[in-house]
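**Student:** Heads up, the sequence shown is in full-length UniProt numbering, so the first residue is 609 and it goes up one at a time.
Note that the Cβ used here is the ideal one computed from N, Cα and C, for glycine as well.
Please read all numbers here as calculations on a predicted model, not as lab measurements.
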Amino acid sequence: AAKTQERNTFRFYTPLMHADARMRLMLGADLRQALMRDEFHLVFQPSVELRTGRIVAVEALLRWRHPERGELMPDEFIPLAESLGLIRRIDAWTMRAVCAQVRHWDQLKLPSIRVALNASAATFGHPGFIESVKQSLQSSQISPKRLMFEITESAILRLGEATEQTMHALHALGVGIAIDDFGTGYSSLAYLKMSGIDYLKIDRSFVTDLPDSTNDVAIVEAMLAIARSLGICTIAEGIETAAQHDFLLRAGCVEGQGYYYSRGLPATEIERMLSPNPRHESSRLRLVPPK
Ligand code: C2E
Ligand code: MG
Ligand code: MG
Ligand code: MG
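1) Assign T822 to buried or exposed, taking buried as 16 or more other Cβ atoms, counted over all protein chains shown, within 10 Å of its Cβ.
2) F652 and L873 - do their beta-carbons sit closer together than 8 Å?
3) Who are the near neighbours of L716 in its chain, counting only those whose CB is closer than 7 Å to its CB and skipping five residues on each side?
4) With distance defined between alpha-carbon atoms, name the residue in G846, V706, T876 nearest to Y867.
5) Indicate, with yes or no, if ligand 2 has a heavy atom lying under 7 Å from the CB of D788.
6) Which residue's Cα is closest to the Cα of residue 598: Y807, P719, S803?
7) Leaving out five residues on either side along the sequence, give the residues of the same chain with a beta carbon under 7 Å from the beta carbon of L688.
8) Are there 16 or more other CB atoms within 10 angstroms of the CB of T876, so buried, or fewer, so exposed?
9) Which residue's Cα is closest to the Cα of Q865: I843, L838, H674, I759?
10) If you run the structure through DSSP and keep just helix, strand and coil, what is V825?
11) Whole angstroms is fine: what's the gap from M756's alpha carbon to V706's?
12) With DSSP run on the structure shown, which of helix, strand or coil describes V783?
13) Counting C-beta neighbours from all protein chains within 10 Å, is the total for E679 16 or more, i.e. buried, or is it exposed?
Below you can see the structure in the form of structure tokens.
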């Protein structure tokens, strides 16, 4: 019976495993060409000041328009790009695209909002990273204050000591730094002592069950208290409901991102929202009743 089972298991899994490996192989080959073929683009998700509902920042999120598979989300190709050693080139593309976008928005005289971008551990930990940031800033002639790098807590832990120097150098350049997916890294909080951290982004997993989960309420309140006493600003991610918004506002969280306000949008949509228009207060996504 064991043999039969083994055989069945063998028969059942092998074709699937092959299919999966083949898929990855094919997608990997496509990924190598995607930069050359100009198949990437960015969408921008607003970050809203909870107290006023105003858009104070956007986060650039990468999308891959695959010629056969259509629009692919980062979860479908970033891990692959990381394992194939392609992520640094992709992150470099994102940085150039973000700088060009900021320059364009400056030329349109739109309000000077922050633009956040994500950097993988391999990007952030590479010795040439700071130099490439300098170069992008120089050639686009944008203010470093407009940029903020998001690095995940787990990437910081993986990089160890190199992180501190890189953060220092970024800070010295005037570029902002946010800890992304805060709370998910199984970490000590020791790294929060490092200078140069401007924002903590509270991970969506702690926001989803607010305000009903007493555990998540306690955790989020503790996170906000730590950030406040360290002088670090806070952003909650993945806000989808008015109840989550209300709780976070009352608890003293500064900014929020999530489908409740807006998904990631094309640059032209962001332009429309930020354009001064006296008849609609267009950059205000939700009107928050005064307390
Ligand atoms: P992240 O930086 O934590 O970005 C937030 C993700 O949550 C985005 O997914 C966003 O669309 C999604 N999200 C925002 N609000 C809500 C909400 O209310 N509900 C739900 N369910 N989801 C929400 P996305 O665009 O698929 O990005 C996934 C991850 O891919 C990002 O997580 C980021 O770590 C990574 N990523 C995106 N762009 C880049 C890039 O240019 N370079 C690198 N290295 N990583 C990137
Ligand atoms: Mg992010
Ligand atoms: Mg995040
Ligand atoms: Mg996240």
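**Tutor:** In brief:
1) exposed
2) yes
3) E879
4) G846
5) yes
6) No answer is possible for residue 598: the residues shown for the chain start at 609 and end at 899.
7) R632, L635, G636, L639
8) exposed
9) I843
10) helix
11) 11 Å
12) coil
13) exposed
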